[in-house]
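Asks:
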Amino acid sequence: MKNNQKEKLFSNKFIQKFFDNQSTVSLKNKYKFSEIASSLAYYLKSFSNINKLLDYVCLIFKHIFDEKIILIVPLSYEGEIWHQNTKVSANNECLKIKEQIYIFFNQFNFSKNFKIKEIQIFEDALKNNFKEFTIETEKVLSRGKCRGFIYIFSKGSCHESITNDYIFNFIKNCLAVGLENYFLIKTNKEHDKVDREISTGAEIQSQLLPDYCPIIYGVDLAAHCRPALQLGGDYYDFMCLKTNISEKRKEKARWALVIGDVMGKGIPAGLLMTMLRGMLRAEVLTGLPPHRILHDLNQLAINDLDQSHRFVTLFYSDYDPRTRKLRFANAAHNPPLLWKSSDQKIIKLDADGLVLGLQKNAEYNCGEIKLDQNDLVLYYTDGVIDTTNSSGERFDEQRLINILIKLCKQSCSSQEILNKIFKNLDDFTGQNRHLEDDATMVIFQVK
Numbered sequence: 089m090k091n092n093q094k095e096k097l098f099s100n101k102f103i104q105k106f107f108d109n110q111s112t113v114s115l116k117n118k119y120k121f122s123e124i125a126s127s128l129a130y131y132l133k134s135f136s137n138i139n140k141l142l143d144y145v146c147l148i149f150k151h152i153f154d155e156k157i158i159l160i161v162p163l164s165y166e167g168e169i170w171h172q173n174t175k176v177s178a179n180n181e182c183l184k185i186k187e188q189i190y191i192f193f194n195q196f197n198f199s200k201n202f203k204i205k206e207i208q209i210f211e212d213a214l215k216n217n218f219k220e221f222t223i224e225t226e227k228v229l230s231r232g233k234c235r236g237f238i239y240i241f242s243k244g245s246c247h248e249s250i251t252n253d254y255i256f257n258f259i260k261n262c263l264a265v266g267l268e269n270y271f272l273i274k275t276n277k278e279h280d281k282v283d284r285e286i287s288t289g290a291e292i293q294s295q296l297l298p299d300y301c302p303i304i305y306g307v308d309l310a311a312h313c314r315p316a317l318q319l320g321g322d323y324y325d326f327m328c329l330k331t332n333i334s335e336k337r338k339e340k341a342r343w344a345l346v347i348g349d350v351m352g353k354g355i356p357a358g359l360l361m362t363m364l365r366g367m368l369r370a371e372v373l374t375g376l377p378p379h380r381i382l383h384d385l386n387q388l389a390i391n392d393l394d395q396s397h398r399f400v401t402l403f404y405s406d407y408d409p410r411t412r413k414l415r416f417a418n419a420a421h422n423p424p425l426l427w428k429s430s431d432q433k434i435i436k437l438d439a440d441g442l443v444l445g446l447q448k449n450a451e452y453n454c455g456e457i458k459l460d461q462n463d464l465v466l467y468y469t470d471g472v473i474d475t476t477n478s479s480g481e482r483f484d485e486q487r488l489i490n491i492l493i494k495l496c497k498q499s500c501s502s503q504e505i506l507n508k509i510f511k512n513l514d515d516f517t518g519q520n521r522h523l524e525d526d527a528t529m530v531i532f533q534v535k
């Protein structure tokens, strides 16, 4: 069958003409079955209107099984009775009965939370209301799930059942495929909408992270966050503790440097990270020392974190360019790695403290260290050291330390060190393997 012939076959005018036609020409032969199969296959491949598909199925039922009245009751995607798409196939001699079936169906009180097992109540009422007919029931099944029901009305006790007819079963299966395809198309559209919303959320979240590293006197900075999904739970930030001063004066002012990780990843972690950022930025303006900042932040966020059943690790530090002193407090985050250039060794910057959101009255300790020229601090999240290769081997902290020592001895810039660590991370995980968790690193180097 040519495409233009098929398009005519599926037009509303053609369907209406067929319904109006009183011809009862038998289609039960090989050629006609081939025509039906071809047209249904074409329709299933190209249709977008489920109502027209149901009309077409009724059209075929009417002219193949013209002595039967057939009621099609599809179910919606949620498994509810799909009232607006219920169809009745009947020849012109049964138009009165057809109208009565529609009236009965529309008046039947289906429960709002209809369950498939309740269909028995409807079927009993249907048979009781149309006692002059023998009514058979066929389920429309797709992938093991019921997508609707077909009721076949026959007169007389010695009627011939069509439920075993190969054409009937072929059409029923095509109907099941059509309903399933429609729901898949609908689901894909909903997923596309969600994907667009997530992309928008990811774009907004990326804008909340610093666009660039600030200029701090005597410091070379580099930072990058690589989320495992579109939305991530990692967080880093740079905040000047002095407000309303010129950019030149900010260079020598005290700066807060923070890195954090919300348990988990994806949308929930991203939302909590965004909430925490707002709270922290407000708290930083108080100018309190790091341990007090974490204490107050925990007090502010604990109710929200408790309700979400998540917690946050956070390392907060502030740096004074004039004295080169770095103060810090740690809420159970991975301790940053300090490269002491004079000693040619790595020191872990750590201070006692619980994760945020675990205990309301948690206390945090404050550490302090004076940095010298060419000293370097690597802040990172656990997504860096917890990533695995195809063999299940972890990147681990010691590997990160060894790479950092090697790069620091080469007198690389902060950005070069950052790029090379991520390159080592990619080489370790292998091609076509994505990070299992968000990975974030900040390099802080004293020039």
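The sequence shown begins at 89 in the numbering used here and counts up one residue at a time.
Backbone N, C-alpha and C define an ideal beta-carbon position, used for all residues, glycine too.
(1) Taking only the alpha-carbon atoms, compute the straight-line gap between G167 and S230 and give it to the nearest angstrom.
(2) Pull up the distance between the alpha-carbon of A370 and that of A311, whole angstroms please.
(3) How is Y452 classed by DSSP in three states: helix, strand or coil?
(4) Closer than 6 Å by C-beta to I138: which residues in its own chain qualify, once you throw out the five before and the five after it? Chain order, please.
(5) List the endpoints of the continuous beta strand (DSSP E) containing I347.
(6) Quick one: what's K338 bridged to in DSSP?
(7) Write down the C-beta distance between L329 and D406 rounded to the nearest angstrom, noting that I regard them as a contact closer than 8 Å.
(8) Enumerated in chain order, which unbroken segments of the beta strand (DSSP E) with a length of 3 residues or greater are wholly contained in the stretch 296-321?
(9) Starting from S242, trace the alpha helix (DSSP H) both ways and give me its first and last residue.
(10) Quick one: is A178 buried, meaning 16 or more other Cβ sit within 10 Å of its Cβ, or exposed?
(11) Where does D515 sit, in a helix, a strand or coil, going by DSSP?
(12) Let me know the secondary structure DSSP gives R400 once reduced to three states.
(13) I'd like the list of long-range same chain contacts for S242, defined as Cβ closer than 7 Å, with 5 residues on each side in sequence excluded.
(14) With distances taken Cα to Cα, identify the nearest neighbour of V346 among E206, S478, V530, D154.
(15) Using DSSP with H/G/I as helix, E/B as strand and the rest coil, what is K94?
(16) Name the DSSP beta bridge partners of N418, please?
(17) DSSP three-state call for L360: helix, strand or coil?
(18) Among A357, K433, L426, A344, whose alpha-carbon lies nearest the alpha-carbon of T401?
(19) Determine the extent of the beta strand (DSSP E) in which Q533 is found, giving its start and end residues.
(20) Is the stretch 485-497 in contact with the stretch 453-460, if contact means three or more CB pairs nearer than 8 Å?
Replies: In short:
(1) The residue given as residue 167 occupies position 79 in the sequence shown. The residue given as residue 230 occupies position 142 in the sequence shown. Taking the straight line joining both Cα atoms gives about 13 Å.
(2) Translated into positions along the sequence shown, residue 370 becomes position 282. Translated into positions along the sequence shown, residue 311 becomes position 223. Their backbone Cα atoms lie some 22 Å apart in a straight line.
(3) Your numbering for residue 452 matches position 364 in the sequence shown. Looking at Y452 - three-state DSSP - the assignment turns out to be coil, as it is neither helix nor strand.
(4) Translated into positions along the sequence shown, residue 138 becomes position 50. Once the five neighbours on either side are set aside, the close Cβ partners of I138 are Y270.
(5) Sequence index remark: in the sequence shown, residue 347 carries index 259 (1-based). Here the beta strand (DSSP E) through I347 covers 343-350.
(6) What you label residue 338 is simply residue 250 of the sequence shown in a count that begins at 1. Partner(s): none; K338 has no beta bridge.
(7) Within the sequence shown, the letter at position 241 stands for residue 329. Within the sequence shown, the letter at position 318 stands for residue 406. Between D406 and L329 the Cβ distance is about 7 Å, and since that is below 8 Å, they are a contact.
(8) 307-314
(9) If you number the sequence shown from 1, residue 242 lands on position 154. Looking at the DSSP string, S242 is not in any alpha helix (DSSP H); the run it does join, the beta strand (DSSP E), is 233-243.
(10) For the purposes of this step, residue 178 is identified with residue 90 of the sequence shown, where counting begins at 1. It is buried - the Cβ of A178 has at least 16 other Cβ atoms within 10 Å.
(11) Mapped onto the sequence shown, residue 515 falls at position 427. If DSSP states are grouped into helix, strand and coil, D515 belongs with the helices.
(12) Counted from its first residue, the sequence shown places residue 400 at position 312. The sequence shown places Val at residue 400, not Arg. If DSSP states are grouped into helix, strand and coil, V400 belongs with the strands.
(13) What you label residue 242 is simply residue 154 of the sequence shown in a count that begins at 1. Cβ neighbours of S242 beyond the five flanking positions: K156, F221, T222.
(14) Within the sequence shown, the letter at position 258 stands for residue 346. Ranking E206, S478, V530, D154 by Cα distance to V346 puts V530 first.
(15) Here residue 94 refers to the residue found at position 6 of the sequence shown. Residue placement at K94 is poorly supported in this model, since its pLDDT is 46, which falls under 50; the coordinates are not used for a value here.
(16) On the sequence shown, residue 418 is found 330 positions in, with the first residue counted as 1. In DSSP, N418 forms a bridge with F403.
(17) Position 272 of the sequence shown, counting from 1, holds the residue named residue 360. If DSSP states are grouped into helix, strand and coil, L360 belongs with the helices.
(18) Locating residue 401 in the sequence shown gives position 313, counting from the first residue. Among A357, K433, L426, A344, the Cα nearest to that of T401 is on A357.
(19) Position 445 of the sequence shown holds residue 533. Its beta strand (DSSP E) spans residues 527-534.
(20) no
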